[in-house]
Each structure stands twice: as structure tokens, then as C-alpha cells.
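2 protein chains.
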Amino acid sequence: MRKGWASSGVDLHLEISATGGRRRGLEDALREAVRDGRLPRGTRLPSTRALAAELRMARGTVSAAYDQLVEEGYLTTRPGAATEVADVTPPAPPGVAGMARPSLPSSPGTAGVARPSPHSSASAPPDRPTSPPEAVPVHDLRPGLPDVSAFPVRAWLRATRHVFATAPSHVLGPCDPRGRIELRTALAGYLGRTRGVITTPDLIVVTTGFVQALNLLAAVLPGGPVAMEDPGHDFYRDVARRAGREVVPLPVDGLGARAETLTREVAAAVVTPAHQYPTGIPLHPRRRRALREWAAGSGRLVVEDDYDGEFRYDRQPVGALQGTAPEHVVYVGTASESLAPALRLAWMAVPPTLIGPVTEAKLHADAHTEVPGQLVLARMLETHDYDRHIRAARLRYRRRRDLLRARLLGPGRPLPGVTLAGVAAGLRALLLLPEGGPAEAEVVAAGERRGIALRGASPLWHDPPVSAGLLVGYAAPSERAYPYALDALAETLAELRGGAGRSSL
Amino acid sequence: MRKGWASSGVDLHLEISATGGRRRGLEDALREAVRDGRLPRGTRLPSTRALAAELRMARGTVSAAYDQLVEEGYLTTRPGAATEVADVTPPAPPGVAGMARPSLPSSPGTAGVARPSPHSSASAPPDRPTSPPEAVPVHDLRPGLPDVSAFPVRAWLRATRHVFATAPSHVLGPCDPRGRIELRTALAGYLGRTRGVITTPDLIVVTTGFVQALNLLAAVLPGGPVAMEDPGHDFYRDVARRAGREVVPLPVDGLGARAETLTREVAAAVVTPAHQYPTGIPLHPRRRRALREWAAGSGRLVVEDDYDGEFRYDRQPVGALQGTAPEHVVYVGTASESLAPALRLAWMAVPPTLIGPVTEAKLHADAHTEVPGQLVLARMLETHDYDRHIRAARLRYRRRRDLLRARLLGPGRPLPGVTLAGVAAGLRALLLLPEGGPAEAEVVAAGERRGIALRGASPLWHDPPVSAGLLVGYAAPSERAYPYALDALAETLAELRGGAGRSSL
């Protein structure tokens with residue numbers, strides 16, 4: 388199907404494939420036109436009404452295609468304005484002088500808004516929450532954030548309107564401590580379909596995040612220490628300790644968590660089987676079996692932190708461990724990496740024996756999770772807007788991962804000997820520094836001088852080494868800023884080339 | 388100013404007073420026209436554009452007046468439809484046979500939606516959260532809910548659109564554990580203005596409800612028991628105990644909580660000074676002084692639960708205790724009664740010495756409260772949509788309180804000897820049964836047979852009596868259903884007249 392596009396003032400022919408559906412065909416044709424430059428950035432697209440008339444399509448089909456391409460970053464839109472072609476070509480790297488100014492003011496959009504304190508790790512809130520706002524880095528490559536500039540605002544608002552227009556008012560009244568049935572039902576289907584989780588709506592508890600899930604479990608587990616991966620998420624160790632639990636290390640090697648080291652004294656083991664945090668290793672089948680056998684044999688619990696199970700790039704996602712032992716594993720997933728941490732929405736699939744105590748704990752912790760966000764997320768799951776957002780985000784993040792690898796390990800690499808772990812999935816990579824090269828603190832300090840915020844990896848170990856490397860989060864910058872951020876990182880590493888032993892840190 | 392109203396097809400003259408502002412004048416004229424029947428229910432109002440042109444007013448003025456009357460219940464609207472005159476005349480009471488059917492199906496609007504478990508008390512979630520859904524009562528006069536059918540949906544959606552259209556995307560990223568600065572700033576102003584609270588944005592912590600506030604405080608208070616009012620909120624006692632605190636009774640008499648009984652061993656006293664829960668007594672000035680002196684002298688803490696400070700009917704609200712001792716009092720307010728409990732939004736104003744520990748506790752409990760709801764509430768405070776909603780709700784609830792009093796204590800009262808306490812404020816009243824009359828459990832059971840859900844008051848006492856009375860929540864039914872609910876309550880009491888001693892419960 389070949390169509391002129393006179394109405395837009397752009398001389399353009401769209402090749403719309405007849406196979407795969409009209410909407411899919413239109414999306415492909417628009418993507419192609421943007422990629423090969425026939426639709427240059429800044430081009431105003433015709434209204435959905437005009438294009439639908441021109442192509443003899445339903446207006447909803449065109450509108451859905453536009454939405455999809457907005458979420459993928461090809462198009463941009465703002466309320467009340469026309470849809471335009473976004474700037475998708477990575478900008479040429481600027482000179483060092485032009486960008487590495489730690490004293491640059493924060494962007495105009497943030498003027499007058501108090502900046503939150505910096506985050507220290509993945510889902511971890513600031514180390515010093517009450518400290519005064521600090522200077523905002525030009526580039527943030529710390530882990531823990533998705534690209535919130537790609538948050539699906541339109542889909543979220545659409546679902547919000549739908550919820551308030553259709554839900555009976557009693558949804559604003561009392562709520563089951565486990566959460567709204569609409570969301571628990573949608574999640575049971577989604578988790579079964581995408582992660583192989585075996586559960587029912589009755590066994591799901593909606594929480595305000597992994598942190599709260601950990602607190603609820605700490606309150607109901609039998610006595611005994613909690614084993615947590617070493618290296619692993621340091622903030623979660625703090626949470627477990629504050630909840631009154633002793634934390635013991637669960638060592639990680641090249642096959643993942645060494646499950647065979649778990650003893651009967653341990654009450655629960657918190658693991659990241661799909662993509663070990665931070666090494667990125669998927670738990671080896673032998674270790675998965677050992678973990679199950681330990682839990683089943685001693686009546687202990689495995690807590691599966693599936694923090695980024697949706698973002699695997701090079702092969703099919705590893706199915707959830709919970710699907711192989713639903714009686715012994717608590718599965719915890721979250722919208723913090725898939726949508727935004729600010730939503731504070733996460734979910735647990737709980738074994739039948741624990742659902743009563745966990746529900747009681749949730750009731751006494753905060754009654755239930757807020758309802759509007761739950762209903763909006765349920766709606767986005769029902770309409771598959773959530774799936775579409777995930778697919779688009781996965782593409783973007785994989786592209787970023789590829790760029791990171793190429794920039795640091797490819798030809799012209801800034802610091803020989805650097806290795807990257809954990810790049811098969813997720814929103815971050817563990818950058819290991821070469822022996823005899825610069826120390827971790829040196830790299831972080833050098834980055835700071837260039838206006839780039841980096842996170843040292845050593846606090847992830849239970850007994851932190853002096854220097855380990857960096858945990859590089861590649862999701863937080865916007866699409867436009869990312870290539871600049873990578874350049875800043877590469878230049879930071881290049882500056883320290885040969886600087887081994889210079890620092891006595 | 389006298390204007391015809393030809394454009395609407397309704398032959399109507401509006402007397403718009405020239406004093407007090409044009410919007411106010413229009414609101415008054417419309418209210419009057421609805422009340423005296425000149426605008427019968429179901430009448431479609433002209434569009435804001437048409438009426439503005441006719442009255443030579445700004446369209447925004449007409450629109451604001453419509454919104455206000457929608458919130459007051461005079462007009463109704465739905466997205467995409469014209470504004471209409473609501474049914475504001477109380478329907479004639481139906482016969483007993485027509486209404487008292489416990490087996491009536493739930494209303495059509497709730498079909499297919501799993502019902503939450505029943506609530507047992509004010510902000511208290513269900514006693515048995517995991518029990519299966521039970522039969523839905525025709526009328527719910529249990530405490531703990533505002534009229535969620537009057538939730539300001541339009542203002543909420545308007546603020547939501549504004550927030551997503553204007554906020555920089557980084558608001559979806561990391562957040563201070565205390566909450567968004569926009570909301571803390573708006574609350575500091577609002578609480579100072581309306582409740583006399585002395586605080587700054589830095590000293591405010593946004594929580595997910597009073598329950599969470601209590602948990603955070605329980606985690607940071609020095610050792611020692613927590614004193615809680617007797618009678619008082621039984622669910623909060625459970626929360627404090629689960630958080631590891633011993634709970635000791637703080638007796639209440641005709642002057643409120645007997646502060647002089649507090650010893651130095653007590654770590655904190657949780658009180659409801661504006662409107663004691665459930666007796667409704669405002670704390671006597673002498674007692675307020677004693678409470679302050681106890682806290683100041685022994686370095687102990689007062690927790691002020693200002694659960695319904697906004698709803699006082701017969702005189703100006705009692706100012707917050709916190710305003711007289713900001714160094715020793717934690718003030719806690721909530722949107723649960725003013726908007727809806729499902730939002731899970733509350734706020735604490737914390738003394739400077741405690742802000743660090745409370746912030747740390749919040750960080751480790753759930754990182755921070757969800758951001759979209761915070762920003763929407765901040766916007767509603769900034770635009771005074773929140774104030775307008777409160778004023779309209781206060782009028783509605785006062786009318787209900789008056790109806791309750793007239794129906795139970797006025798001529799033709801169903802059960803002589805019944806008294807009502809706590810009616811000067813709030814969304815509920817303590818109904819005390821006459822000596823020698825029916826027992827509390829008998830009344831609850833008789834109500835159940837008529838399809839009316841009632842809550843016995845005895846669990847509110849630390850050492851529960853066999854029979855005390857009822858805690859009647861008069862906010863939960865919709866405006867339309869309320870008169871029927873009152874009739875059902877009156878008939879329940881009348882049925883038990885002279886039934887004293889019949890039951891050995």
C-alpha cells in the first residue's frame with residue numbers, strides 16, 4: 388500500500404506492509420521513515436484525524452501507532468501540541484571543554500524545586516536523607532533509576548481517566564490489605580504469562596516496594612538470621628537489620644549464590660536468581676535445585692527479588708524460581724524499574740502458609756497500598772499498555788547497553804583491562820577495574836570533577852574491599868543525554884590511564 | 388442584577404447579588420433556585436460558555452461556581468455530559484417491607500467487583516483481612532469512612548493533568564524520604580493557617596496514614612510504654628503492640644484525657660485533643676497544660692492524632708495542641724477523612740530533635756510515600772480546591788449530624804434514654820444505650836437483620852465492658868441513601884424498645 392502524504396506538507400510516501408496488521412504496518416513505515424531521514428527531526432506530523440482519513444484507517448489505529456512511537460522515542464508530544472519527530476540521532480560528542488563543568492547549574496526545568504538527595508544504590512534511597520540538597524551532577528550514571536523521562540505519561544493519564552470514570556466510588560473506601568482485586572487479578576495473569584510465576588489473586592500482596600516486602604517478611608519469619616547475597620544490595624541489608632534480623636553472607640561465585648552453604652539455622656535466603664545483583668549472573672540450575680532442596684528440607688523460605696526480570700536482552704528471560712517451588716519461594720516484583728520508583732508499587736506472590744501472617748503484617752504496617760495507583764496499573768496491564776511500554780523500554784536499554792560496551796571495550800577503549808559484568812540484562816553493569824589500575828575512589832572522584840555521578844561498587848560486599856569498581860546505571864539519563872554521559876565516563880577513565888598507584892586511598 | 392435564562396430552555400430569573408463577588412453571587416442564586424424548586428432535579432444547565440455570555444461574566448467564574456455546587460451536591464456532572472440539577476430533596480422514607488432485606492444484592496455498580504472485607508473501626512482495616520467477602524449490608528453506619536461518593540473527582544483529575552503536564556520528569560525519580568517538597572511546603576502553610584500548627588517544610592514527613600506514623604514513632608521513641616486513651620481507637624493499640632510497645636491506658640473523663648495520670652516511665656502519650664475519639668470531648672485547657680508540662684518536664688512525647696480537626700460544626704475548630712508546644716508534640720493529620728482513606732496520605736509535623744530519626748525510619752520502612760498522589764494533593768492545596776471540598780463536606784456532614792440528632796432524640800424518638808456524645812465535630816457519634824435497655828450486641832444483631840451494619844462501642848475500652856453502645860458513623864452512606872439509613876437505625880432501636888433483659892448476651 389503506497390500513500391502520498393500531501394496533507395502534512397511533507398512530501399512523503401509511506402510503504403505500509405499489508406501483512407501483520409494495519410497498525411503494525413503503519414508503525415513500521417513511520418519508524419523506517421524516521422530512521423532513514425525522510426521524516427527529519429522536528430517535522431510536525433499530521434493530526435491523527437487527517438492521517439486516518441488519508442490512509443483510510445480508523446483514527447484509533449493511527450492514534451495507537453503514534454502512542455507506540457512516542458513511547459519508543461521516535462516521536463514526541465506534549466499536551467495541546469502537535470506530534471513531532473523526535474531527535475533520535477545521537478548528537479555528535481562535544482569537546483571536553485564544552486561539557487565537563489561540575490559547576491553547571493541544574494536544568495531550567497528543575498529551578499525552584501528542591502532536589503532530592505542522591506541515591507546510593509539500586510532501589511536504595513539516599514544514605515543521608517536529611518542532608519541538604521547537593522550540587523546536581525550533569526550526568527548521572529548511578530544505578531537505581533529507569534529513564535523516567537520515558538515514563539508513559541499518556542497511557543498513565545488515559546488509564547487514570549478511565550479508572551475515575553468507571554470505577555464505583557466504593558473503591559475509594561476500605562481495601563483488602565493485600566490490595567485491590569483488580570490489580571491482583573491482572574498481576575496473577577501477567578506474572579504467570581511473562582515470568583512463569585504460579586499463583587492466584589488470593590496469594591498476591593501489593594506493597595509499596597521491595598523494601599516494604601522485606602520488612603513484612605522480617606516481621607513474620609521464624610527466628611534466625613537472614614542470608615543475603617555477597618556481593619548484594621547493601622541498603623537491603625540495612626533494612627533487614629533495622630527490622631531486627633541478623634544478616635549473614637550468602638557467597639556468590641561464577642554460578643551465582645552458593646546455595647549449598649545455607650544451614651538449617653538460616654530463616655530465609657534473599658536471592659536474585661534471574662540476574663544476580665550486581666554481578667548479573669543467572670543462578671545455575673544446580674544452585675537453583677540446591678536452594679529449593681534447602682528450603683523444602685528445612686521448612687525455610689527463599690525470597691526471590693525479581694527486580695529486573697523484564698529486561699533481558701540476549702535470550703529469553705530466565706523463568707522465576709518461584710514457578711518451580713511455589714510453596715517455598717516468595718516472589719517479589721516491582722514497578723520501580725519498569726515504570727518509576729516514585730510510584731511505590733510492588734507485588735509479592737506468597738506461599739499459602741504465609742499469606743495470612745503477611746496480610747496481617749501489611750494491615751498493621753499501613754492498612755493497604757494506595758488505591759488509585761493500583762487501579763491505574765491494573766488498567767495498564769489489562770490494556771497491554773504496560774507490555775508495550777516494557778517492550779519499547781527494553782529496546783532502548785539494549786541499545787544503551789550496546790553503546791556502553793562498544794565505548795568502553797571496543798576500539799579506542801579508554802582504559803585497557805576494564806571488564807563489564809552483568810550486561811545480559813537489567814539497567815546496570817558492574818565495571819571491574821584492572822589490577823594495578825586506578826582505585827575505585829579515584830575514579831568516582833575524577834568523575835565528580837567532570838560533573839558525572841558514579842557509584843563505587845565496594846559497599847556491595849558484606850566485608851567491603853578497598854576498591855572493586857563501579858556499578859554503572861545506564862538507564863537514568865534521557866535518550867538525548869546518554870551519549871554525552873558515556874563520553875564523560877570514557878574520558879574519566881582515559882584520564883586515569885597509567886595513573887596506577889598514584890593514589891594511596 | 389436580574390437576568391433571564393432563555394438559552395437553557397428554562398424560564399428562570401436569577402437574582403445575583405452585587406455584593407460578595409460575582410462568583411459568590413452566582414453560587415448563592417443557583418443554590419436558592421435549586422432549594423426552592425425553581426430548578427427542579429434533572430434540569431440540564433446551560434453550558435458555562437452560554438451562561439457566561441448571558442450573564443456577561445468570565446467563563447471561568449461560571450465554571451468555578453458550577454464546580455463548587457457539584458461538590459456541595461446541588462449539581463451533578465459526568466465527563467462528557469451536561470451539568471444537571473441533582474436530587475437534593477431527601478427521598479420519602481420507604482415502608483419497612485421495602486428496605487429491610489439483609490439479602491438484597493449489592494448495587495449494580497458493584498457487580499463483578501470483589502468487595503473488600505468490612506471495616507471494624509475508624510481508620511481500622513478489617514479484623515479478618517483474609518476472610519472471604521461477606522454479604523454487603525444495605526446501609527453502613529459504621530465509623531471510619533467519609534462519603535466517598537462525594538470525592539472531588541473533577542478537581543482530582545484536573546490536578547493530576549496539571550501535575551503530569553508541568554512537573555519535570557525527575558519528580559518520578561528519587562524522592563526525599565520525608566516526601567515531595569511541593570506537598571511539604573503546601574502543608575506547612577495549610578496547617579499553620581487552619582490548625583495553628585507551627586512547623587516548616589523541613590519538619591514535615593508525609594506518610595501513608597496514621598498507622599504508619601505510629602509505626603515510625605514506635606521505632607524511634609525511647610524505651611517505655613505508650614499511653615493511649617481509654618476509651619480510644621482499639622486498632623491503634625494493636626498496631627503499637629505489634630510494633631513492640633507496651634500499651635497502658637490513659638483514662639478519659641468529662642474533660643478529656645487525664646494527663647495528670649501520666650508518669651515518667653511512659654515514653655509517649657497518644658491523644659485526640661480536638662475531639663476525643665470516641666467521646667468527642669475537646670481536651671480541657673487545664674489538661675492541655677498538664678500534658679505539655681508532663682512532656683516538657685520528662686522529655687517525653689505527645690502524639691496528637693488530629694484525625695478530623697477540619698470537621699467542627701458548632702464553633703471554630705479547636706487549635707492544634709502542637710501549636711502550643713512544637714518541641715514536644717508530633718502532630719499527625721490525614722486525608723483519610725477529608726478526602727478518602729484509599730489515598731493513603733497523611734502527614735506528621737515532627738519536633739526538630741526527632742526529624743532525623745523519623746526520616747531514617749521512613750526511609751527503611753518504604754523509602755518514601757508515592758509521588759503522584761503527593762503532587763496532586765499539593766496542587767489541590769495550592770489552588771484551594773482542597774479548602775473548597777472541605778467546606779462543602781463540612782456543610783453536608785453537619786446536616787447529617789442534625790438529622791441524626793433529630794431522628795434519635797427529637798419528637799417521636801425511637802428509644803427513650805438514648806444519648807449521643809461527640810456530635811460537635813467529626814463524622815461519627817457515640818450512641819450510649821439507656822440502662823436497663825437493650826444490650827449493645829442485641830442492637831448490632833437487630834441491625835444486621837435489617838441489613839444495617841453497626842459497630843458496637845465496647846471494644847474501644849482497654850478493658851471492654853459487656854455493653855456500651857454504638858459508634859455511629861454518619862458519613863459513609865451517599866447523600867441519597869442517608870435518610871433511609873437513619874430510618875433503619877431508628878426502626879432497629881424502636882424494635883428493641885422494652886426489650887430490656889430479653890437477651891442474656
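Residue numbers (this note's numbering), protein chains in the order written: chain A, 388 to 892; chain B, 388 to 892. Ideal Cβ placement from N, Cα and C applies to all residues, glycine included.
Judged by beta-carbon spacing, S725(A) lies beyond the 9 Å limit of P864(A), meaning their Cβ atoms are not closer than that value. Within the segment 752 to 771 of chain A, A752, D753, A754, H755, T756, E757, V758, P759, G760 place their CB atoms closer than 8 Å to a CB of chain B, listed in sequence order. With respect to the C-alpha of L590(B), the residue from W734(B), V525(B), V626(B) having the closest C-alpha is W734(B). Taken in chain order, the members of the segment 589 to 623 of chain B whose beta-carbon sits within less than 7 Å of a beta-carbon on chain A are T595, G596, V598, Q599, N602. For E633(B) and G843(B), the gap between their C-alpha atoms comes out near 25 Å. A residue is called buried once 16 or more other Cβ atoms fall within 10 Å of its Cβ, and D563(B) is buried on that count.
When C-beta distances to chain B are compared with 9 Å, the residues of the segment 551 to 567 of chain A below that value are F551, A552, A554, P555, S556, H557, V558, L559, G560, P561, C562, D563, P564, R565, R567, in chain order. No Cβ of chain A is located within less than 9 Å of the beta carbon of W681(B). Cβ atoms of G760(B) and L730(B) come within 8 Å of each other, at about 6 Å. Shown here, H776(B) sits in a helix according to DSSP, grouped into three states. For chain A, the residues of the segment 715 to 727 of chain B that bring a beta carbon within less than 7 Å of one of its beta carbons are A727, in chain order. Within chain B, the residues placing a beta-carbon under 8 Å from that of F538(A) are S556, L559, ordered along the chain. Taking a contact as a CB-CB distance under 8 Å, the pair V653(A) and R628(A) does not count as one, their CB atoms being some 15 Å apart. Identification of chain A residues near L730(B) by a Cβ-Cβ cut-off of 8 Å yields L559, E757, V758, P759, ordered along the chain. Contact with chain B is found for L532(A), since one of that chain's Cβ atoms lies less than 9 Å from the residue's Cβ.
At a cut-off of 9 Å between beta-carbon atoms, R632(A) makes no contact with chain B. In the three-state scheme derived from DSSP, where H, G and I count as helix and E and B as strand, Y577(A) is classed as helix. Close to R629(B), with beta-carbon spacing below 7 Å, are these residues of chain A in chain order: H751. Taking the Cα of D640(B) as reference, the smallest distance to any Cα among P669(B), F698(B), F622(B), V613(B) is reached at P669(B).
In the DSSP annotation of this structure, the continuous segment of the alpha helix (DSSP H) that includes M767(A) starts and ends at 758 to 769.
Sequence-distant partners of A833(B) (beyond 5 residues in either direction) whose C-beta falls short of 7 Å from its own C-beta, in its chain, are T879, E882, L883. Listed along chain B is no residue with a C-beta nearer than 9 Å to that of D695(A); the closest approach is about 17 Å. The shortest C-alpha to C-alpha distance from T587(A) to any of V737(A), V558(A), A646(A) is the one to V737(A). In the assembly as shown, V853(A) is an exposed residue. Its beta-carbon has fewer than 16 other beta-carbons within 10 Å. According to DSSP, residue pairing for G856(B) in a beta bridge involves L819(B).
Taken through DSSP and simplified to helix, strand or coil, W848(B) comes out as coil.
The C-beta distance from V745(B) to V607(B) rounds to 6 Å, short enough to meet the 8 Å contact threshold.
A contact is defined here as three or more CB-CB pairs under 8 Å, and the segment 771 to 778 of chain B fails this definition with respect to the segment 552 to 561 of chain B. For the options L528(B), V592(B), P539(B), P530(B), the alpha carbon positioned closest to that of T464(B) is the one of P539(B).
Residues of chain A whose Cβ lies closer than 7 Å to the Cβ of D625(B) are, in chain order, H751. Closest in C-alpha terms to V690(A), from the list R675(A), E471(A), P821(A), comes R675(A). Shown here for L820(B): same chain residues with a beta carbon closer than 6 Å to its own, the five before and five after excluded, namely G856 in chain order. Between A868(A) and chain B, the shortest Cβ-Cβ separation is not below 9 Å. When D621(B), Y700(B), E647(B), E680(B) are compared, the shortest CA-CA separation from Y664(B) is found for D621(B). By the rule that beta-carbons nearer than 9 Å mark a contact, V535(A) touches chain B. Taking C-alpha positions only, P798(B) is separated from T721(A) by approximately 59 Å.
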